[in-house]
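Notes follow once the structure below has been shown.
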Amino acid sequence: MSSRQLYDLTPQELADHAQEIYDHAQEIHEAAREALAAARRERRGVEMEAAAATAAAAARAAARAAVRAVVRAEDLAEAAAEERAGAIANLDILHRQQMMGEWSGDIDNAAIREQTSKASVIAKKQEVKKHMGSMLGDWDKAGKLSKRRIRKTKTKTKRRRQKITKRRRK
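Residue numbering for the sequence shown follows the UniProt record's numbering, beginning at 1 and increasing consecutively.
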(Lines of atoms letter the chains of each structure in order from A and count residues from 1; the text may use other names and numbers.)
(Lines give C-alpha, C1' and ligand atoms only; values in the text may rest on other atoms or scores of the structure.)
Protein backbone atom coordinates (compact mmCIF):
# COMPACT_ATOMS: atom_id res chain seq x y z
CA MET A 1 0.00 0.00 0.00
CA SER A 2 1.34 3.45 -0.83
CA SER A 3 1.81 6.11 1.81
CA ARG A 4 -1.09 8.10 0.37
CA GLN A 5 -3.41 5.09 0.67
CA LEU A 6 -2.21 4.58 4.25
CA TYR A 7 -2.87 8.24 5.00
CA ASP A 8 -6.44 7.99 3.70
CA LEU A 9 -7.29 5.05 5.97
CA THR A 10 -9.20 5.55 9.19
CA PRO A 11 -7.32 4.73 12.41
CA GLN A 12 -9.18 1.41 12.72
CA GLU A 13 -8.42 0.41 9.12
CA LEU A 14 -4.79 1.41 9.68
CA ALA A 15 -4.61 -0.76 12.79
CA ASP A 16 -6.20 -3.66 10.87
CA HIS A 17 -3.68 -3.24 8.05
CA ALA A 18 -0.80 -3.22 10.54
CA GLN A 19 -2.21 -6.35 12.18
CA GLU A 20 -2.38 -8.08 8.77
CA ILE A 21 1.28 -7.20 8.15
CA TYR A 22 2.19 -8.48 11.59
CA ASP A 23 0.25 -11.73 11.05
CA HIS A 24 1.95 -12.26 7.69
CA ALA A 25 5.35 -11.72 9.29
CA GLN A 26 4.44 -14.19 12.02
CA GLU A 27 3.52 -16.77 9.36
CA ILE A 28 6.88 -16.21 7.67
CA HIS A 29 8.59 -16.52 11.03
CA GLU A 30 6.75 -19.77 11.78
CA ALA A 31 7.65 -21.22 8.38
CA ALA A 32 11.28 -20.27 8.90
CA ARG A 33 11.24 -21.85 12.34
CA GLU A 34 9.85 -25.08 10.86
CA ALA A 35 12.51 -25.01 8.15
CA LEU A 36 15.16 -24.49 10.80
CA ALA A 37 13.84 -27.41 12.84
CA ALA A 38 13.81 -29.64 9.77
CA ALA A 39 17.35 -28.60 8.93
CA ARG A 40 18.50 -29.40 12.45
CA ARG A 41 16.85 -32.81 12.32
CA GLU A 42 18.37 -33.81 9.05
CA ARG A 43 21.88 -32.33 9.35
CA ARG A 44 22.80 -33.24 5.79
CA GLY A 45 25.77 -30.98 5.46
CA VAL A 46 26.82 -27.39 5.31
CA GLU A 47 24.28 -26.43 2.64
CA MET A 48 21.32 -27.25 4.88
CA GLU A 49 22.82 -25.34 7.79
CA ALA A 50 23.43 -22.33 5.56
CA ALA A 51 19.84 -22.50 4.31
CA ALA A 52 18.60 -22.77 7.89
CA ALA A 53 20.71 -19.80 8.97
CA THR A 54 19.38 -17.79 6.03
CA ALA A 55 15.81 -18.74 6.89
CA ALA A 56 16.33 -17.79 10.54
CA ALA A 57 17.83 -14.44 9.55
CA ALA A 58 14.92 -13.81 7.18
CA ALA A 59 12.45 -14.69 9.92
CA ARG A 60 14.10 -12.29 12.38
CA ALA A 61 14.11 -9.55 9.74
CA ALA A 62 10.42 -10.18 8.99
CA ALA A 63 9.54 -9.99 12.68
CA ARG A 64 11.46 -6.72 13.05
CA ALA A 65 9.74 -5.33 9.94
CA ALA A 66 6.34 -6.30 11.32
CA VAL A 67 7.03 -4.53 14.61
CA ARG A 68 8.23 -1.45 12.73
CA ALA A 69 5.06 -1.54 10.59
CA VAL A 70 2.82 -1.66 13.66
CA VAL A 71 4.68 1.24 15.27
CA ARG A 72 4.56 3.21 12.00
CA ALA A 73 0.82 2.57 11.67
CA GLU A 74 0.23 3.88 15.20
CA ASP A 75 2.36 6.95 14.45
CA LEU A 76 0.46 7.57 11.19
CA ALA A 77 -2.88 7.28 12.97
CA GLU A 78 -1.79 9.81 15.59
CA ALA A 79 -0.28 12.14 12.97
CA ALA A 80 -3.39 11.88 10.80
CA ALA A 81 -5.56 13.02 13.71
CA GLU A 82 -3.25 15.98 14.39
CA GLU A 83 -3.04 16.96 10.70
CA ARG A 84 -6.81 16.69 10.33
CA ALA A 85 -7.25 18.94 13.37
CA GLY A 86 -4.73 21.41 11.96
CA ALA A 87 -6.55 21.52 8.62
CA ILE A 88 -9.88 22.04 10.35
CA ALA A 89 -8.34 24.81 12.49
CA ASN A 90 -7.02 26.52 9.34
CA LEU A 91 -10.45 26.35 7.70
CA ASP A 92 -12.04 27.72 10.86
CA ILE A 93 -9.56 30.60 10.96
CA LEU A 94 -10.16 31.42 7.29
CA HIS A 95 -13.90 31.40 7.85
CA ARG A 96 -13.65 33.70 10.87
CA GLN A 97 -11.32 36.04 9.01
CA GLN A 98 -13.83 36.26 6.18
CA MET A 99 -16.51 37.17 8.71
CA MET A 100 -14.55 39.56 10.95
CA GLY A 101 -11.49 40.61 8.97
CA GLU A 102 -7.76 39.87 9.20
CA TRP A 103 -5.82 39.45 12.42
CA SER A 104 -2.20 38.64 13.31
CA GLY A 105 -0.47 35.38 12.45
CA ASP A 106 0.48 34.77 16.09
CA ILE A 107 -3.18 34.30 16.96
CA ASP A 108 -3.51 31.90 14.02
CA ASN A 109 -0.53 29.81 15.12
CA ALA A 110 -1.73 29.72 18.72
CA ALA A 111 -5.19 28.55 17.64
CA ILE A 112 -3.73 25.87 15.38
CA ARG A 113 -1.42 24.62 18.15
CA GLU A 114 -4.33 24.50 20.57
CA GLN A 115 -6.51 22.52 18.13
CA THR A 116 -3.75 20.01 17.34
CA SER A 117 -3.01 19.47 21.03
CA LYS A 118 -6.72 18.88 21.68
CA ALA A 119 -6.79 16.40 18.78
CA SER A 120 -3.82 14.48 20.16
CA VAL A 121 -5.49 14.26 23.58
CA ILE A 122 -8.70 13.01 21.97
CA ALA A 123 -6.76 10.46 19.90
CA LYS A 124 -5.08 9.14 23.04
CA LYS A 125 -8.43 8.90 24.83
CA GLN A 126 -9.99 7.08 21.88
CA GLU A 127 -7.45 4.32 22.36
CA VAL A 128 -9.05 3.57 25.71
CA LYS A 129 -12.65 3.74 24.44
CA LYS A 130 -14.27 3.11 27.80
CA HIS A 131 -17.31 4.87 29.22
CA MET A 132 -17.68 6.98 26.07
CA GLY A 133 -21.38 7.62 26.53
CA SER A 134 -21.21 8.67 30.16
CA MET A 135 -21.93 12.15 31.46
CA LEU A 136 -18.60 12.32 33.28
CA GLY A 137 -16.03 14.81 32.14
CA ASP A 138 -13.05 12.46 32.25
CA TRP A 139 -14.73 9.33 30.95
CA ASP A 140 -11.68 7.10 30.84
CA LYS A 141 -11.29 7.30 34.63
CA ALA A 142 -14.93 6.67 35.46
CA GLY A 143 -15.64 3.51 37.37
CA LYS A 144 -18.61 1.22 37.55
CA LEU A 145 -19.95 2.93 40.67
CA SER A 146 -19.86 6.35 39.04
CA LYS A 147 -21.75 5.04 36.04
CA ARG A 148 -24.38 3.48 38.31
CA ARG A 149 -24.75 6.70 40.28
CA ILE A 150 -25.23 8.73 37.10
CA ARG A 151 -27.78 6.25 35.74
CA LYS A 152 -29.65 6.34 39.06
CA THR A 153 -29.87 10.14 39.15
CA LYS A 154 -30.89 10.21 35.50
CA THR A 155 -33.79 7.81 36.08
CA LYS A 156 -34.83 9.71 39.22
CA THR A 157 -35.05 12.99 37.34
CA LYS A 158 -36.93 11.27 34.54
CA ARG A 159 -39.51 9.91 36.99
CA ARG A 160 -39.81 13.27 38.73
CA ARG A 161 -40.41 15.09 35.43
CA GLN A 162 -43.00 12.53 34.40
CA LYS A 163 -44.77 13.06 37.74
CA ILE A 164 -44.75 16.84 37.30
CA THR A 165 -46.20 16.68 33.78
CA LYS A 166 -48.82 14.21 34.98
CA ARG A 167 -49.90 16.65 37.73
CA ARG A 168 -50.13 19.51 35.22
CA ARG A 169 -52.50 17.56 33.00
CA LYS A 170 -55.02 17.00 35.83
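Glycine included, every Cβ here is placed at the ideal spot set by N, Cα and C.
Just to check my reading of the structure: residue 173 and A52 have Cβ atoms closer than 8 Å, yes? What is that Cβ distance to the nearest angstrom?
Within the shown structure, residues of the chain are numbered from 1 to 170, placing residue 173 beyond reach of any answer.
CA-to-CA distance, T165 to residue 211, given in whole angstroms
Not covered by the structure: residue 211. The range shown for the chain is 1 to 170.
Take the Cβ of Q115 as the centre, count every other Cβ of all protein chains shown within 10 Å, and call the residue buried at 16 or more, exposed below.
In the sequence shown, counting from the first residue as 1, residue 115 sits at position 115. Flag for Q115 reads buried.
Closest residue to E74 among T10, A50, I88 (Cα-Cα distance)
Taking the sequence shown and counting its residues from 1, the one referred to as residue 74 is at position 74. That would be T10, whose Cα lies nearest to the Cα of E74.
CB L36 to CB A55, shorter than 7 Å?
As a position in the sequence shown, residue 36 is number 36, starting the count at 1. As a position in the sequence shown, residue 55 is number 55, starting the count at 1. Yes.
Please classify I21 as buried or exposed, where buried requires at least 16 neighbouring CB atoms within 10 angstroms.
In the sequence shown, counting from the first residue as 1, residue 21 sits at position 21. Taking a 10 Å sphere around the C-beta of I21, we find 16 or more other C-beta atoms and assign the residue as buried.
Taking V70 as the reference, give the member of R148, A15, A87 with the closest Cα.
What you label residue 70 is simply residue 70 of the sequence shown in a count that begins at 1. It is A15.
Does the beta-carbon distance from A61 to A32 come in below 7 Å?
Counting from 1 along the sequence shown, the entry for residue 61 is found at position 61. Counting from 1 along the sequence shown, the entry for residue 32 is found at position 32. No; because the gap between Cβ atoms is not below 7 Å, this pair is not in contact.
Using three-state DSSP, classify E27 as helix, strand or coil.
Position 27 of the sequence shown, counted from the start, is the residue given in the question as residue 27. The answer is helix: DSSP assigns E27 an H, G or I state.
Going by other Cβ atoms of all chains shown within 10 Å of its Cβ, with 16 needed for buried, is residue 203 buried or exposed?
Because the chain spans 1 through 170 in this model, residue 203 falls outside it and cannot be assessed.
Does A89 pass the burial test, meaning 16 or more other C-beta atoms within 10 Å, or should it be called exposed?
Mapped onto the sequence shown, residue 89 falls at position 89. Counting other Cβ atoms within 10 Å of its Cβ, A89 reaches 16 or more and is therefore classed as buried.
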